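Q:
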Amino acid sequence: MTSSEFAAAAEVPRLHAVTAAEAEHAVDREAAAEAVRALLVALGRDVESEHLAETPRRVADAYIEMLTPRPFTPTTFPGEGYGELVVVRDIPFDSLCEHHLLPFRGVAHLGYVPGGRIIGLSKLARVVEQYARDLQVQERLTVQIADRLVEVLDPEGVGVVLEAEHLCMSLRGVQVPGTRTITSSLAGVVRDDDRVRREFLDRCGIGRTEQ
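First residue of the sequence shown: 266, per this note's numbering; consecutive thereafter.
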């Protein structure tokens, strides 16, 4: 894939949110602030008070920021014959639960076996951010990241593991703080080769068992 094709592929279709390039025209900041204001009134709060007067604008700006991915080009380079597993672990991410509009946050572990190209390591974190800045469920987010790496790299295999705490579970409902949800998406040799799969999960800290 040429550099121009990579640049064109950087903005991929998203389920809910707009791309960074479209956000300026697609997001109605004033309408969002008015909606927050109406919600506060419906919840019995005095939006004319000094403390809440600017809250609708602040909340609207916060959600716009959290739902707008930053554009980037997933730069790749010749693999120089390297054909072993590459793992970057503990990439922090934040996203928004699409069911309650509450955050979930955690870490992503990404791995791949090159098929001739390698990716700039910082771009792995940017791929995570690209899909995390949306209204999400963790299962979909995991698959989207893996699919994107397959698309960009055409590797021998890909592995993605996400570990996250969901505030919709910690702050409401059953109210069990500290619990983690772990999801994975494996493809190619990371899924089909037992040795590679074990190595990837061990490096993520998922495959270890208590002695």
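Beta carbons are placed, not taken as given, at the ideal position from N, Cα and C, and that holds for glycine.
Keep in mind the model is a prediction, meaning the values are calculated, not measured.
1) For Leu-375, which residues in the same chain have their Cβ closer than 6 Å to its Cβ, ignoring the five residues on either side in sequence?
2) Counting pairs of Cβ atoms below 8 Å between the region 295-308 and the region 317-335, do you hit three or more?
3) Under a Cβ-count criterion, where at least 16 other Cβ atoms within 10 Å of its own Cβ denotes burial, should Gly-422 be classed as buried or exposed?
4) Give me, in chain order, the residues of the same chain whose beta-carbon lies closer than 7 Å to that of Glu-464; leave out the 5 immediate sequence neighbours on both sides.
5) Considering only residues of the same chain and omitting the five flanking positions on each side of Gly-381, which have a CB-CB separation below 6 Å?
6) Of all the options Leu-427, Val-415, Asp-419 and Val-392, which has the alpha carbon lying nearest to the alpha carbon of Gln-403?
7) Comparing alpha-carbon positions, which option in Asp-412, Val-306, Val-415 and Arg-370 lies nearest Arg-398?
8) Cα separation between Arg-294 and Gly-453?
9) Going by alpha carbons, who is nearest to Arg-445 out of Pro-336, Ala-429 and Cys-433?
10) What runs of the alpha helix (DSSP H), each 4 residues or longer, lie entirely inside the region 314-363?
11) Helix, strand or coil: which one does DSSP assign to Val-441?
12) For a test of the three-state rule: what should DSSP assign to Leu-308, helix, strand or coil?
13) By DSSP's criteria, Arg-302 is part of a beta bridge. Which residues make up the other side?
14) Could you check where the alpha helix (DSSP H) with Leu-427 kicks off and where it finishes?
A: According to the structure data:
1) Val-353, Leu-389 and Val-425
2) With a cut-off of 8 Å, the region 317-335 and the region 295-308 count as touching, because enough Cβ pairs lie within range.
3) buried
4) Leu-350
5) Gly-344
6) Leu-427
7) Looking at the Cα atoms, Arg-370 is the closest of the given residues.
8) 43 Å
9) For Arg-445, the nearest C-alpha among the options comes from Ala-429.
10) 320-331
11) coil
12) coil
13) Looking at the DSSP output, Arg-302 bridges to nothing.
14) No alpha helix (DSSP H) holds Leu-427; the beta strand (DSSP E) holding it covers 422-431.
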